[in-house]
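Step one of this worksheet: look at the structure below.
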Amino acid sequence: MKLASFDFGSYPVFLAPMEDVTDAAFRLMCKKFGADMVYSEFISSDALIRSVNKTLRKLVISDEERPVAIQIYGKEKEVMAVSGKCYLSLHEMNSSANRGACMQVCRRAYAVRDKETGAEWEVDNQYIMSPKDLKTIHFINKMIDSGVRIFKIEGRARGPEYVRTVCECYKQAVQSYMKGVYTENKITAWNERLKKVFNRGFWDGYYLGQPLGEWSRNYGSEATERKVYVGKGITYFGNIGVAEFVAEAAELNAGDKILITGPTTGAIYITLEEVRVELKPVQTVKQHEHFSIKIKEKIRPSDKLFKMIPNRKNT
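Residues 1186 to 1500 (the working numbering) make up the sequence shown, in order.
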């Protein structure tokens, strides 16, 4: 499928519309333009149980549209509408979260004031407008058993290292369950990997019957690792699998775990077994030095190289 100049190639394209944005005719048009799967409008499970005609009409699906995924929500449409909206960023910064430009105002610490007495206090160790991040990898088996066939991972404005780590972990979890090798040891390993990338702590959401939310205890990320910018890519010698970089901001040592990111490269993690300066192996690359490393993936001048170090405040 192609959108303007962007070609998705062999990757499947899923088009998930919001409530009442689309209908059967629009879904069929999207399929003709190359969408691999389209979704129904949001369907009220309560209305479905009661056989409400308006809801049943939304489930009229032609053979030409298939496969079609069904989007279902619990009961009250007002709750569904309000839950997806946030106005705090728009009110404070004139930058709307509902248009992809959230300024993360809710992630700050706030004091609470009694309007009658004027008494004011801070909520200790709780960012009361900043919930923890939802993590379902430890009960994704139950979700699959309930009939879920597609999982959507939200990672808006996150770095490529977040996208790679989270997608890999959840993909491995789904595949492990389908193969019958979904174990506690694997869940523990996935949890440790997920802790290393951006997060505000984790909770189960309301999936397992929890009545109240859980809130972040720290400002910003609780990741156990952080990245330190080292330098940028210079060139790649494809015939020998060697990339050249320049250390602009920090030193680099053999044995360091590094992350390479870029608009096309995505995220590449490797541990430096050997690093060379002027073709000679060295233990340390000093700031401003050009250096080379063996790497099978193509490196581009737009790529950035970071070294990963423990985030002391969260370990």
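Beta carbons are placed, not taken as given, at the ideal position from N, Cα and C, and that holds for glycine.
Nothing here was measured: the structure is a model prediction, and the numbers come from that model.
In DSSP terms, what residue i is bridged to
| i | result |
| --- | --- |
| V1198 | Beta-bridge pairing links V1198 to no other residue. |
| A1432 | G1416 |
| N1438 | T1469 |
| F1476 | F1430 |
| M1493 | K1412 |
| F1387 | D1318 |
| G1451 | G1447 |
| L1393 | BP columns for L1393 are empty, so no partner. |
| D1330 | In the DSSP output, where bridge partners are listed per residue, D1330 has none listed. |
| T1456 | K1442 |
| V1297 | W1306 |
| K1187 | D1192 |
Buried or exposed (CB count within 10 angstroms, at least 16 for buried), residue i
| i | result |
| --- | --- |
| Y1347 | buried |
| E1384 | The displayed chain sequence assigns Asn, not Glu, to residue 1384. By the 10 Å Cβ count, N1384 comes out buried. |
| I1478 | buried |
| G1416 | buried |
| A1408 | buried |
| L1437 | buried |
| Y1404 | exposed |
| I1234 | exposed |
| K1364 | exposed |
Beta-carbon contacts of residue i that lie in its chain and below 8 Å, excluding the five residues immediately before and after
| i | result |
| --- | --- |
| V1253 | R1212, M1222, V1223, Y1224, S1225, I1246 |
| L1147 | Nothing can be reported for residue 1147, as the shown portion of the chain is limited to 1186 through 1500. |
| Q1256 | A1201, Y1224, S1225, E1226, F1227, I1228 |
| G1426 | K1479, I1480, K1481 |
| D1208 | E1226 |
Within 8 Å, strictly: CB atoms of residue i and residue j
| i | j | result |
| --- | --- | --- |
| C1354 | R1378 | yes |
| A1452 | R1349 | yes |
| W1400 | I1322 | no |
| G1219 | V1198 | yes |
| I1335 | A1358 | no |
| M1278 | V1297 | no |
| G1447 | K1481 | no |
| R1341 | S1315 | no |
| A1439 | H1473 | no |
| G1423 | P1486 | no |
| F1387 | K1337 | no |
Cutoff 6 Å; reference residue i; Cβ partners in own chain excluding five residues on either side
| i | result |
| --- | --- |
| D1441 | L1457, K1492 |
| R1242 | none |
| M1288 | S1274, M1278, S1280 |
Cβ shell of residue i (< 7 Å), same chain only, five flanking positions each side left out
| i | result |
| --- | --- |
| E1204 | Below a pLDDT of 50, predicted positions are generally treated as unreliable, and E1204, at 47, falls in that range; no measurement from the model is reported. |
| V1413 | A1435, F1491, K1492, I1494 |
| N1496 | A1408, T1409, E1410, R1411 |
| S1361 | Y1367, K1371 |
| K1317 | R1385, G1386, F1387, W1388, E1399, W1400, S1401 |
Neighbour flag for residue i against chain B, beta carbons, 8 Å
| i | result |
| --- | --- |
| D1318 | The chain inventory of the structure shown lacks chain B, comprising one protein chain alone. |
In the segment 1209-1284, which residue ranges form an unbroken beta strand (DSSP E) of at least 3 residues, counting only runs that do not cross its ends? 1222-1229, 1253-1258
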